[in-house]
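Residue numbering for the sequence shown is 14 to 281, as defined by our numbering.
The beta-carbon is built from N, C-alpha and C at its ideal position, and this holds for glycine as well.
All values derive from a computational prediction rather than experimental measurement.
See below for the structure under consideration.
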Amino acid sequence: MMNFASQELNDWRESNNYFEFSSATSETKLKSRIDTGKLFTDKLCIPSTEAQVNRPRLIEHLQKSSAQFSATLITGRTGMGKTTLAAEFAKQSHYQLAWYKVDTADSDWNVFSSYLSGSVNQFNSGVELLEFDSEAMKVSSASEFLAAQFAVAAKEKPLLIVLDDLHSVFDADWFTEFFHSFVPSLAPNVHLLLIARTAPPLPLWRLRSKQVLGVMDEKLLTFTLNEAIELFSKYELSPAVARPAYKRTYGRVSKLKEIAEKKCFCKV
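The following block contains the structure:
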């Protein structure tokens, strides 16, 4: 049986989300198989990208979502500014940050769970976290255990977890079990920000109806005309140039930037 070292985990142990792990023999200890030295640390760092246009309406939307829901899902095609928005929100927020950029190589559950657990070690929370063996646990149990670890890390200051490019593992056989176990188990002072090209192939309405999950879709991410005009002004291009480009691209951020760069280059 696990012996939790912190009051937060003791409280969680008494809650409905607690699970008990028993190994095959009483002498077997719960140990982590995570070798943090083998993790690519660049996958656990916030991107250095900066927004060319301030988008306070989206930051405000994220602020409200993080206050209301346990998790927020941001969806949109490549070039919609999802990662940039998340990075800007993280920089402006009061949260400490755990960032994990997912890729297709992380479809293995042990790899994914190692990085997710490792992301919390990117900052010094002053709290000793428990180690776990993701291979010995069921996905649901390990997911709930990870949620408890993040709760401990958020003891002194609220925590924001960002999973970027999460669509890379939507097809993994463990994803559904992880999603339905991890998200509802998050502590009140932990917010999960999910970034993906599409929504996961799951019945999200259940989590949305329970006020657990908020969603920001591509329609919300598109530039307004005023935002497009502001972007073009960065390239010393007039509103008269920005308006037709906005209509042609339907406000898609990357396409607007591409047009602005070409127009600016032609002026040189």
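Which listed residue (A253, M93, E271) has its alpha carbon closest to that of A209: It is M93.
If we ignore side chains and look at the alpha-carbon of each, how far apart do S39 and A166 end up? With a pLDDT of only 27 at S39, under 50, the local geometry of the prediction cannot be trusted, and no value is derived from it.
Does the distance from the CB of V225 to the CB of V196 come in under 8 Å? yes
Using only alpha-carbon positions, find the residue among R261, A200, T237 that is nearest to L82. With the sequence shown as reference, residue 82 is identified as Phe, and Leu is not the correct amino acid for it. Selected option, being the one with the closest Cα: A200.
Of the residues I87, F53, S132, which one's Cα is nearest the Cα of Q109? The candidate whose alpha carbon is nearest that of Q109 is S132.
At 4 residues or longer, what runs of the alpha helix (DSSP H) sit wholly inside the region 170-205? 188-195
Which listed residue (R90, L176, T62) has its alpha carbon closest to that of A84: L176
Burial state of H107 (16 or more Cβ within 10 Å): With fewer than 16 other Cβ atoms within 10 Å, it is exposed.
Exposure label - E274; buried when at least 16 CB within 10 Å: exposed
V228 lies in the beta strand (DSSP E); which residues open and close that run? 226-229
Which residues bound the alpha helix (DSSP H) around I242? 238-247
If you run the structure through DSSP and keep just helix, strand and coil, what is Y108? coil
Selection from L172, A103, T88 that minimises the alpha carbon distance to K232: Out of L172, A103, T88, T88 has the C-alpha closest to the C-alpha of K232.
Going by beta-carbon coordinates alone, are Q76 and K247 separated by less than 8 Å? no
What first and last residue would you give for the alpha helix (DSSP H) that runs through T262? 252-262
With a cut-off of 8 Å on the beta carbons, I'd call V115 and L179 a contact; round off their distance for me. About 5 Å separates the two Cβ atoms, so the contact holds.
So for K8, helix, strand or coil by DSSP? Nothing about residue 8 can be reported from this structure: the residues present for the chain run from 14 to 281 only.
Buried or exposed: where does S61 fall if 16 or more other Cβ atoms within 10 Å of its Cβ makes it buried? It is exposed - the Cβ of S61 has fewer than 16 other Cβ atoms within 10 Å.
Starting from L86 and walking both ways along the beta strand (DSSP E), at which residues does that stretch end? If you look at L86, you'll find it in the beta strand (DSSP E) that goes 84-88.
Give me the residue from K223, W122, D55 with the minimum Cα distance to E190. W122
Hey, out of T117, G264, R256, K51, whose CA is closest to T237's CA? G264
Anticipated Cβ contact below 8 Å, L207 with L159, distance rounded: Actually they are not in contact, since the Cβ atoms of L207 and L159 sit about 15 Å apart, beyond 8 Å.
S251 classed as buried or exposed, judged by whether at least 16 other C-beta atoms fall within 10 angstroms: exposed
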